[in-house]
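Undergrad: What follows is a structure written as structure tokens; I'll ask about it next.
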DNA sequence: TTTAAAACCTGCTATTTATCAGTTTTTCTA
DNA sequence: TAGAAAAACTGATAAATAGCAGGTTTTAAA
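Chains as they are written, first to last, in this note's numbering: chain Y, 6 to 239; chain V, 6 to 239.
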């Protein structure tokens with residue numbers, strides 16, 4: 006079982022508050038879940054009994070749409086929360102699905118345990134509140150971008166987001182997504198992503214080795230979408 | 006000054022927790038602000054010193070976009086929070102602008118006062134956390150809708166949202182917005198809204214007296230967008 | 001290592017959406 | 001209530017985006 010004591014996810018809200026003595030008993034109730042690549046561990050619409058933290062791995066968070074279309078609303082990596090409302094929101098059901106993008110280890114807390122500990126450690130609740138507030142702000146920025154950016158701009162924005170979130174090694178993004186995934190995040194179709202990525206390759210600002218994508222000219226990409234990101238915070 | 010004691014906004018998070026004795030001193034630090042119609046009281050990018058509650062009135066919350074285009078991310082009415090991150094988020098600046106849609110009375114709390122009281126009343130912090138979690142979920146639903154609905158569907162969805170949020174009297178929505186406002190919320194242009202509303206009028210499902218819009222056939226509208234709202238919660 | 005499946009790619013076409021230019025109606029204010 | 005300004009509206013056209021069909025490359029599994 007993944008122990009909070011030796012965990013290195015300094016961004017994890019639980020870890021950050023784990024020095025508070027009152028949290029010890031709670032930590033013992035934590036469950037560890039291991040997920041294989043492509044495995045779905047939250048299904049939209051099912052009863053929400055608790056909440057997950059990514060301990061190690063990468064996850065996509067999805068809202069089901071019409072037909073076989075899905076909208077990726079968020080990605081999560083080490084230390085981040087998945088299944089946000091996990092039981093203590095107004096709804097008793099998960100409002101999203103979650104799927105591991107690679108072999109992933111998750112920490113799980115039941116809603117009851119979590120609610121108890123939140124109500125007894127104000128600093129922890131406050132951190133959770135800040136987390137949601139920040140996520141909300143990001144989501145609202147995304148609303149604006151989806152409404153106002155062109156498809157090409159959204160794809161570029163997505164590439165830069167992946168670089169900022171997961172980083173790159175040897176000019177290759179540290180995450181492998183299908184063109185369909187990029188489309189489901191950017192709010193367009195697979196073909197458009199393919200076309201735009203091809204164009205960016207020809208322009209020499211992006212490269213691709215097999216499925217993996219890499220950013221060659223970060224500056225050129227940033228500049229193309231600069232007019233949409235002027236007053237941005239974070 | 007608007008007193009919490011006699012306030013009837015039962016949905017207000019402060020009001021809900023106002024029976025807790027520890028909150029009294031805090032309530033005395035509340036400020037009341039009166040806004041004329043069209044007046045902007047939060048400006049995106051300016052330092053965030055505090056947070057507002059709508060006491061009585063209607064407000065639109067906007068993110069500035071390219072050129073003169075703006076994206077309305079949310080509407081607020083009596084009892085609801087505006088300026089979400091108001092200082093205690095990771096950013097020290099407002100990430101949105103807010104403008105009164107009619108003469109509006111606001112309650113204002115400074116970030117410092119609010120942070121103190123939140124850290125001392127866990128139930129209040131917990132309520133704030135739930136509020137943000139719910140807002141986040143709604144915002145993510147909006148992301149999906151913007152990405153997957155057609156323009157006509159988005160306009161219909163917006164009309165139904167206005168009816169759900171502000172209600173109707175004599176088959177007329179209890180809120181007056183310009184076609185441009187509808188466009189800025191739906192993520193399209195003024196002309197498209199005009200065309201679609203005209204079509205809906207001809208189809209006999211919507212009516213308009215001057216600027217005001219009204220829903221005649223709620224069922225027909227709901228059914229047209231039903232395939233996008235199947236698994237919806239709330 | 002072969003083979004099947006999945007993912008990627010391309011050109012063509014259809015559809016949707018935005019833009020532009022100008023007219024009419026409504027609203028606001030002097 | 002007259003006049004100006006703002007908002008609503010319309011049609012024509014341009015641009016952006018999606019969908020389809022068929023081919024190629026890559027990946028994963030037998």
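Heads up, the beta-carbon is just placed ideally off N, CA and C, and yes, glycines get one too.
#1: For the region 7 to 70 of chain Y, which segments carrying the beta strand (DSSP E) assignment without a break, of at least 3 residues, lie completely within its bounds, in sequence order?
#2: The alpha helix (DSSP H) that contains residue 82 of chain V, what's its start and end?
#3: Thinking just about the alpha-carbon of each residue, which of Y:46, Y:54 and Y:53 is nearest to the one in residue 63 of chain Y?
#4: Mind checking the region 63 to 81 of chain Y against chain V and listing, in chain order, the residues whose C-beta falls within less than 7 Å of any C-beta there?
#5: Could you tell me whether any Cβ in chain Y is nearer than 9 Å to the Cβ of residue 148 of chain V?
#6: Once the 5 residues before and after residue 239 of chain V are set aside, which same chain residues still bring their CB inside 6 Å of it?
#7: Judging by CA-CA distance, which residue of Y:167, Y:101 and Y:18 is the nearest neighbour of residue 177 of chain Y?
#8: Please classify residue 37 of chain Y: is it buried, with 16 or more other beta-carbons within 10 angstroms of its beta-carbon, or exposed?
#9: Is the beta carbon of residue 131 of chain Y closer than 9 Å to that of residue 21 of chain V?
#10: Would residue 139 of chain V pass as an interface residue toward chain Y - the criterion being a Cβ-Cβ separation below 9 Å?
#11: Smallest Cα separation from residue 163 of chain V: which of V:179, V:188 and V:136?
#12: Is the CB of residue 250 of chain Y under 9 Å away from at least one CB in chain V?
#13: So which of Y:145, Y:190 and Y:60 has the shortest CA-CA distance to residue 80 of chain Y?
#14: Please check if any C-beta of chain V sits within less than 9 Å of the C-beta of residue 192 of chain Y.
#15: Under a Cβ-count criterion, where at least 16 other Cβ atoms within 10 Å of its own Cβ denotes burial, should residue 71 of chain Y be classed as buried or exposed?
#16: For chain Y, find out if any of its Cβ atoms is closer than 9 Å to the Cβ of residue 52 of chain V; answer yes or no.
#17: Counting only beta-carbon atoms, is residue 171 of chain V nearer than 9 Å to chain Y?
#18: Nearest to residue 219 of chain Y by alpha carbon, out of Y:179, Y:197, Y:49 and Y:199?
#19: Consider the Cβ of residue 214 of chain Y: report whether some Cβ of chain V lies at a distance smaller than 9 Å.
#20: So, is residue 186 of chain Y buried or exposed, given that buried needs 16 or more other C-beta atoms within 10 angstroms?
#21: Please check if any C-beta of chain V sits within less than 9 Å of the C-beta of residue 238 of chain Y.
#22: Taking 9 Å as the threshold (beta carbon to beta carbon), is residue 165 of chain V in contact with chain Y?
#23: To the nearest angstrom, how far is it from the Cα of residue 99 of chain V to the Cα of residue 138 of chain Y?
#24: Please report how far the alpha carbon of residue 141 of chain V lies from the alpha carbon of residue 144 of chain Y, in whole angstroms.
#25: Below 9 Å between beta carbons: does that hold for residue 230 of chain Y and residue 182 of chain Y?
#26: Compare the C-beta of residue 151 of chain V against all C-beta atoms of chain Y and say whether one is closer than 9 Å.
#27: Please confirm whether residue 109 of chain Y and residue 42 of chain Y have their CB atoms less than 9 Å apart.
#28: Note down, in chain order, every chain Y residue with its Cβ under 7 Å from the Cβ of residue 90 of chain V.
#29: Check residue 143 of chain V in the structure and name its three-state DSSP category.
#30: Given a cut-off of 9 Å, decide if residue 202 of chain V and residue 184 of chain V are closer than it, judged by their beta-carbon atoms.
#31: In three-state terms, what does DSSP make of residue 158 of chain Y?
#32: Assuming contact is defined by CB atoms lying nearer than 9 Å, are residue 103 of chain Y and residue 58 of chain Y in contact in what I supplied?
#33: What would DSSP say about residue 220 of chain V, mapped onto helix, strand or coil?
#34: Would you call residue 159 of chain Y buried or exposed, if buried means 16 or more other Cβ atoms sit within 10 Å of its Cβ?
#35: List the endpoints of the continuous beta strand (DSSP E) containing residue 211 of chain V.
#36: Could you check what DSSP says for residue 190 of chain V in three-state terms: helix, strand or coil?
TA: Let me spell this out:
#1: 36 to 40, 45 to 47, 55 to 61 and 64 to 69
#2: That residue, residue 82 of chain V, is in no alpha helix (DSSP H); it is neither H nor E in DSSP.
#3: Y:46
#4: 68, 69, 70, 71, 74, 76 and 78
#5: yes
#6: Its pLDDT being 38, under 50, residue 239 of chain V is placed unreliably in this model, and the value from its coordinates should be taken loosely. Hits under 6 Å: none found.
#7: Y:167
#8: exposed
#9: no
#10: yes
#11: V:188
#12: The structure shown has nothing for residue 250 of chain Y, since chain Y only spans 6 to 239.
#13: Y:190
#14: yes
#15: exposed
#16: no
#17: no
#18: Y:179
#19: no
#20: buried
#21: Only weak support is given to the placement of residue 238 of chain Y: the predicted model assigns it a pLDDT of 47, under 50, and the question is left unresolved by the model.
#22: no
#23: 12 Å
#24: 7 Å
#25: no
#26: yes
#27: yes
#28: 138 and 142
#29: helix
#30: yes
#31: helix
#32: no
#33: strand
#34: buried
#35: 211 to 214
#36: helix
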